[in-house]
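The structure appears below as structure tokens.
In our numbering, the protein residues as written are 4 to 360.
In structure tokens form, the structure reads like this:
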């Protein structure tokens with residue numbers, strides 16, 4: 004099952020998911036994107052307009068998954084979104100994918116991690132074989148054609164602490180190269196049909212963002228980055244030529260702030276150990292606290308500025324599915340509210356531009 008490796012030991016809770024390892028340089032030529040391709044036209048629910056009939060802004064909520072390895076959880080999230088769509092509460096996810104999941108371990112040496120890392124290193128594993136990789140690509144294609152967004156979460160989930168501009172350029176170029184390989188059918192039974200120009204957003208592993216990353220996000224023509232952290236009530240803002248769309252520090256258990264991402268709750272609840280069991284009072288207590296934090300984040304935003312909201316999760320059912328259950332319960336409640344649009348990051352960005360933000 005996908006997710007963040009358990010051996011990552013350093014973290015900073017309340018300022019963001021900030022833990023890291025060191026790592027070196029494989030420079031490749033910068034490849035710029037072209038204009039963003041429009042979302043598939045057959046979607047049953049397209050978001051239009053900037054204000055509600057009574058003149059208020061819409062409440063945009065963007066929910067994303069990082070990594071996206073598990074085939075079962077690809078299927079579950081796509082089916083969940085289809086059910087939401089059928090209930091007239093459309094939900095469009097953003098999936099920030101790691102390109103290494105499209106490479107079989109036997110061919111791992113095509114990846115040259117930046118900043119002095121060994122050739123072929125991945126902190127999250129690899130694809131299995133052509134059949135398994137093909138099944139994953141089929142799900143990625145389905146997600147894109149269903150109106151969800153595909154973004155980049157780098158190649159091998161190596162945190163970019165201390166990386167140079169050239170390091171970041173290498174990582175971005177290799178991500179593009181791997182996706183180009185599977186578009187051609189290399190190492191897969193199914194070709195990727197998501198166009199290169201459709202991948203317009205990036206989230207750094209461990210949120211290891213700095214000015215060098217911002218420079219390369221611009222150099223590669225990305226429309227936005229989602230690697231920073233902000234307090235509640237702060238609007239996304241431009242950094243250079245791209246929009247920064249940050250995760251949020253939200254109140255938790257009435258006494259502190261926590262990042263709006265499942266892994267941070269996992270650390271807070273159990274020290275990132277799978278010790279809580281569904282059906283027990285301890286599991287239910289943490290479930291209710293997290294759900295309350297998400298719903299409070301929504302309510303205070305919805306009833307005030309209606310600044311876009313950003314929540315991040317992983318394809319990992321830590322603590323017996325606690326955070327997975329909260330995700331589905333929160334999105335079911337939030338997306339059904341009047342004037343709410345549960346949209347991809349790109350859809351939220353389009354809305355902000357239409358508003359003149």
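Note that beta-carbon positions come from the ideal geometry of N, C-alpha and C, so glycine has one too.
Using the rule of at least 16 other Cβ atoms within 10 Å of the residue's Cβ for burial, across every protein chain shown, is residue 64 buried or exposed? buried
Where residue 240 sits in the DSSP three-state scheme: strand
Run of the alpha helix (DSSP H) containing residue 248, from where it starts to where it stops: Careful: residue 248 lies outside any alpha helix (DSSP H) and carries neither H nor E.
Checking the sheet assignment: what are the DSSP bridge partners for residue 262? 252
Can you check which of these residues, 72, 261, 290, 350, is closest to residue 136 by C-alpha distance? 72
Secondary structure at residue 213, three-state DSSP: helix, strand or coil? coil
At what residues does the alpha helix (DSSP H) containing residue 290 begin and finish? 284–305
Less than 8 Å between the C-beta atoms of residue 50 and residue 348, yes or no? In this structure, the beta-carbon distance from residue 50 to residue 348 does not fall below 8 Å.
Nearest-angstrom Cβ-Cβ length linking residue 105 and residue 70, presumed shorter than 8 Å: That belief does not hold up - the Cβ atoms of residue 105 and residue 70 are roughly 12 Å apart, past 8 Å.
How long is the line joining the alpha carbons of residue 62 and residue 166, rounded to whole angstroms? 36 Å
Within 8 Å, strictly: CB atoms of residue 141 and residue 193: yes
Put residue 233 into one of helix, strand or coil per three-state DSSP. Looking at residue 233 - three-state DSSP - the assignment turns out to be strand.
Which runs of the beta strand (DSSP E) at least 3 residues long sit entirely within the segment 45–70? Give them in chain order. The qualifying runs are 62–70.
Less than 8 Å between the beta carbons of residue 210 and residue 171, yes or no? The Cβ atoms of residue 210 and residue 171 do not sit closer than 8 Å to each other.
Ends of the beta strand (DSSP E) at residue 98? 97–100
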